[in-house]
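S.K.: Numbering (the working numbering), first residue to last: 4 to 155. Ideal Cβ positions, reconstructed from N, Cα and C, are used throughout, including at glycine.
What follows is the structure in structure tokens.
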């Protein structure tokens, strides 16, 4: 088990990061990378159902449906009939959606790259690996807790 001091340090850093990100989002074009736009990054891996998109984003289906409606309206996503289930539809990126993911990816890389420009690549690789491991642990624990709550 990590020390209490290290756990406190992580919570302080995460809280600070969340506040910085919130300020940056509101100072840009009204939250340039909204949850709707983050959905594009999931959809770039191929067509999926809304429920699968919601699960991948750790969001509820009704919220995700609203985001999808906006993306469809903006011409970034289209709904196609699911060939395996005529009652359902699959979501997939349009050509414009693919372009937008490319633009957002380039912007992300530029911004994050500028934050860590003086870091050795090996250090950033270690950070990325450990952060991913941490988030995966949080997600697994949260899923376990949610499942326990559902059983009550």
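Helix, strand or coil: how does DSSP classify residue 119 here?
M.R.: In this structure, residue 119 counts as coil in the three-state DSSP scheme.
S.K.: DSSP three-state label for residue 38, please.
M.R.: Residue 38: helix per DSSP, three-state reduction.
S.K.: How should residue 100 be labelled, buried or exposed, when 16 other C-beta atoms within 10 angstroms of its C-beta is the threshold for buried?
M.R.: Result: buried.
S.K.: Quick test of your reading: residue 43 and residue 96, contact by CB under 8 Å. State the CB separation rounded to the nearest angstrom.
M.R.: Indeed, because the Cβ distance is near 7 Å, the residues count as touching under 8 Å.
S.K.: Taking its Cβ as the centre, do 16 or more other Cβ atoms sit within 10 Å of residue 224, making it buried, or is it exposed?
M.R.: Outside the displayed span of the chain (4 to 155) sits residue 224, for which this structure offers no information.
S.K.: Give every residue of the same chain whose Cβ lies closer than 7 Å to the Cβ of residue 2, excluding the five residues on either side of it in the sequence, and list them in chain order.
M.R.: Nothing in the structure corresponds to residue 2, since the chain is present only between 4 and 155.
S.K.: Does the count of Cβ pairs from the segment 78-91 and the segment 126-136 closer than 8 Å reach three?
M.R.: With the cut-off at 8 Å, the segment 78-91 and the segment 126-136 do not touch.
S.K.: With 16 other CB atoms within 10 Å as the buried threshold, where does residue 112 fall?
M.R.: So residue 112 counts as exposed.
S.K.: Per DSSP, what kind of secondary structure is residue 79 in: helix, strand or coil?
M.R.: DSSP places residue 79 in coil when its eight states are reduced to three.
S.K.: Let me check one thing: in DSSP terms, what residues is residue 95 bridge-paired to?
M.R.: Residue 95 pairs with 81.
S.K.: Would you tell me roughly how many angstroms separate the C-alpha atoms of residue 77 and residue 68, rounded to the nearest one?
M.R.: Each residue's Cα considered, the two are about 14 Å apart.
S.K.: Could you have a look at residue 89 and say whether DSSP puts it in helix, strand or coil?
M.R.: If DSSP states are grouped into helix, strand and coil, residue 89 belongs with the strands.
S.K.: Pull up the distance between the alpha-carbon of residue 72 and that of residue 4, whole angstroms please.
M.R.: Looking at the two C-alpha atoms, the distance is approximately 44 Å.
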